[in-house]
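805 is the number of the first residue of the sequence shown in the working numbering; add one for each residue after it. A short write-up of the structure that comes next.
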Amino acid sequence: MKDDVEWVDEEAGPVVRPYAMTGGRTRASSSSFDLLAMVVATGVPAGPGANLGSEHRRLLNLVRRARPIVEIASDAGLPIGVIKVLLGDLLDQGLILVRSPLPAASMPPESLLKELISGLRAL
């Protein structure tokens with residue numbers, strides 16, 4: 805039996821389970837985040853009582869400029885569920901702003917599309 809325990813996988817790097825990063829939580833504390841919602845850091849420094857882990861600080865660095873949640877998850881290399889929980893913590897502390905995506909543009913009326921097609925055919 806081996807005395808030293810392998811906490812690092814040579815190919816994957818440090819092995820930390822997602823539930824360890826979120827303290828076992830599976831849902832964000834404050835709101836549900838849309839995958840295309842834009843997140844940006846407020847620039848407010850974390851207070852002395854802020855309980856920020858290394859992943860929280862890493863996310864704050866990733867959102868210096870507004871970015872969608874799905875892109876943040878991709879760059880952080882973490883599951884969306886973990887990202888939502890960590891962003892919820894940051895939102896609760898007033899360290900980020902979250903903006904819902906703009907609604908999709910409505911389709912133009914069918915009559916306008918028919919006029920467009922007729923105009924293109926006339927060319």
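Just so you know, even glycine gets a beta-carbon here, dropped at the ideal spot from N, CA and C. Here the structure is a predicted model, which means the values were calculated and not measured.
Checklist entry - Is the stretch 853-873 in contact with the stretch 882-890, if contact means three or more CB pairs nearer than 8 Å? => result yes
- Task: Can you give me the Cβ contacts of Leu-891 inside the same chain, cut-off strictly under 8 Å, excluding the 5 residues immediately before and after it?
- Result: Ala-832, Phe-837, Val-843, Leu-863, Ile-873, Ile-876, Ile-900 and Val-902
**Asked** Of all the options Ala-841, Pro-907 and Glu-859, which has the alpha carbon lying nearest to the alpha carbon of Leu-882?
**Response** Glu-859
Open item on the list: My parser needs the beta strand (DSSP E) runs of 3 or more residues fully inside the stretch 838-926; what are they?
Closed with: Contiguous beta strand (DSSP E) elements confined to the stretch 838-926 occur at 842-845 and 900-903, taking only those with 3 or more residues.
Where Ala-841 falls, given that 16 or more other Cβ within 10 Å makes a residue buried: buried
Can you name, in chain order, every residue of its own chain whose Cβ lies under 6 Å from the Cβ of Ala-870, other than the five neighbours on each side? Met-842 and Val-844
Practice item. To the nearest angstrom, report how far apart Met-911 and Ser-922 are at their CA atoms. Key: Here the alpha carbon of Met-911 sits roughly 18 Å from the alpha carbon of Ser-922.
Item to complete: Take Asp-807 and list the residues in its own chain whose beta-carbon comes closer than 8 Å to its own, dropping the five residues that flank it on each side.
Response: With a pLDDT of 45 at Asp-807, under the threshold of 50, the modelled position of this residue cannot be trusted; read the value that follows with caution. Excluding residues within five positions, none has a Cβ falling inside 8 Å.
* **Nearest neighbour of Arg-868, chosen from Val-848, Leu-906 and Pro-913 [CA to CA]** => Checked all of Val-848, Leu-906 and Pro-913; the closest Cα to Arg-868 is Val-848.
Could you name the residues of the same chain whose beta carbon sits closer than 8 Å to that of Leu-916, not counting the 5 residues immediately before and after it, in chain order? none
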